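> Encoded as structure tokens, here's the structure I'll be asking about.
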Amino acid sequence: MSARETFSGGVAVITGAGGGIGAGLARYASRLGMTVVLADIDVVAIAALRDELRTAGGTAVDIGCDVRDPEAVQQLAHRVYRDVGPVRLLVNNAGVEQFGYLWDTPVPNWQRVVDINISGVFFGVRAFLPKMMATDEQAWVWNLSSVGGVVAIPLQAPYIMSKHAVLALTECLHLDVKMAGHEHHIHVQAVLPGAVVSNIFESAGGVDS
Numbered sequence: 087m088s089a090r091e092t093f094s095g096g097v098a099v100i101t102g103a104g105g106g107i108g109a110g111l112a113r114y115a116s117r118l119g120m121t122v123v124l125a126d127i128d129v130v131a132i133a134a135l136r137d138e139l140r141t142a143g144g145t146a147v148d149i150g151c152d153v154r155d156p157e158a159v160q161q162l163a164h165r166v167y168r169d170v171g172p173v174r175l176l177v178n179n180a181g182v183e184q185f186g187y188l189w190d191t192p193v194p195n196w197q198r199v200v201d202i203n204i205s206g207v208f209f210g211v212r213a214f215l216p217k218m219m220a221t222d223e224q225a226w227v228w229n230l231s232s233v234g235g236v237v238a239i240p241l242q243a244p245y246i247m248s249k250h251a252v253l254a255l256t257e258c259l260h261l262d263v264k265m266a267g268h269e270h271h272i273h274v275q276a277v278l279p280g281a282v283v284s285n286i287f288e289s290a291g292g293v294d295s
């Protein structure tokens, strides 16, 4: 079965959709015929992408959401299921970088990476997966790790740590879904992209140092 046959007509929710990989996946999902829910803290960016997708003939909805806030992510899931429909594809993509020696990393910068890159994925799973499991419809969860999730790189310890964590979380989640008896219709996968052109470095902490 082709990607279009699998996903056309379904709803995709993509966090961190305001740029980079998230925006690219949103465009791809739209080309497959999905209704795309664009979620990001940057409401200006997702509004522009919404208009772009609609102009191209797609169906898109933009919802501002800070993935660091579990209640905000719960509200995102509530709004999607109330106003858009059941989710066929959940992409937990939101992420940030942090540069510098680990011992020089400010505590707030460390916490920001943990809150967005790790907790944001957990909050997405926690908000959406029970709703996705409540039916027998085929559905997919894609958690964005990185090639950095399987290597060690100097000057990026917080980010690399977070991507290792996302990979481990996803592998454990796959086993949880299987143990709960939902493996026949819930497909959990980690995505490990390489370097791409994005704005993740523009908002990274520690660049000047």
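Quick note on numbering: the sequence shown equals residues 87 to 295 in the working numbering. Even for Gly, the Cβ is constructed at its ideal location relative to N, Cα and C. What you are looking at is a predicted structure, and each value in this text was computed from that prediction instead of being measured.
Going by C-alpha distance, which of 229, 249 and 194 is nearest residue 238?
Walking along the sequence shown from the start, residue 238 turns up at place 152. Measuring from the Cα of residue 238, the nearest candidate turns out to be 249.
> Count the other CB atoms, across all protein chains shown, that sit within 10 Å of the CB of residue 205; report buried if there are 16 or more and exposed otherwise.
Locating residue 205 in the sequence shown gives position 119, counting from the first residue. It is buried - the Cβ of residue 205 has at least 16 other Cβ atoms within 10 Å.
> Comparing alpha-carbon positions, which option in 225, 212, 155 and 159 lies nearest residue 172?
In the sequence shown, counting from the first residue as 1, residue 172 sits at position 86. Comparing Cα positions, the closest option is 225.
> Nearest CA to the CA of residue 192: which residue from 243, 107 and 276?
Taking the first residue of the sequence shown as position 1, residue 192 is located at position 106. Looking at the Cα atoms, 243 is the closest of the given residues.
> Quick check: the region 96-103 against the region 167-185, are at least 3 beta-carbon pairs closer than 8 Å?
Touching, yes.
> Return the chain-ordered list of same chain residues with a C-beta closer than 8 Å to the C-beta of residue 218, the five sequence neighbours on each side being excluded.
For the purposes of this step, residue 218 is taken as residue 132 along the sequence shown, with counting starting at 1. 172, 173, 176, 225, 227 and 272.
> What are the residues that DSSP puts in a beta bridge with residue 40?
Residue 40 lies beyond the range of the chain shown here (87 to 295); nothing can be said about it.
> Between which residues of its own chain and residue 207 is the CB-CB distance below 7 Å, once the five residues before and five after are set aside?
As a first step, residue 207 is located in the sequence shown; it is residue number 121 there, counting from the start. Excluding sequence neighbours, residue 207 sits near 178, 229, 252 and 255.
> Using beta-carbon positions only, say whether residue 233 and residue 202 come within less than 8 Å of one another.
Position 147 of the sequence shown, counting from 1, holds the residue named residue 233. Position 116 of the sequence shown, counting from 1, holds the residue named residue 202. Not a contact, by the Cβ cut-off of 8 Å.
> In the structure shown, what three-state DSSP assignment does residue 238 receive?
Against the sequence shown, residue 238 aligns to sequence position 152. Residue state, collapsed to three classes: coil.
> Is it a yes or a no for the region 102-121 touching the region 157-167, going by three-plus beta-carbon pairs under 8 Å?
They do not touch, by the three-pair rule.
> Beta-carbon within less than 8 Å of residue 90's beta-carbon, same chain only, minus the 5 sequence neighbours each way: which residues are those?
Taking the first residue of the sequence shown as 1, we reach residue 90 at position 4. Cβ neighbours of residue 90 beyond the five flanking positions: 118 and 119.
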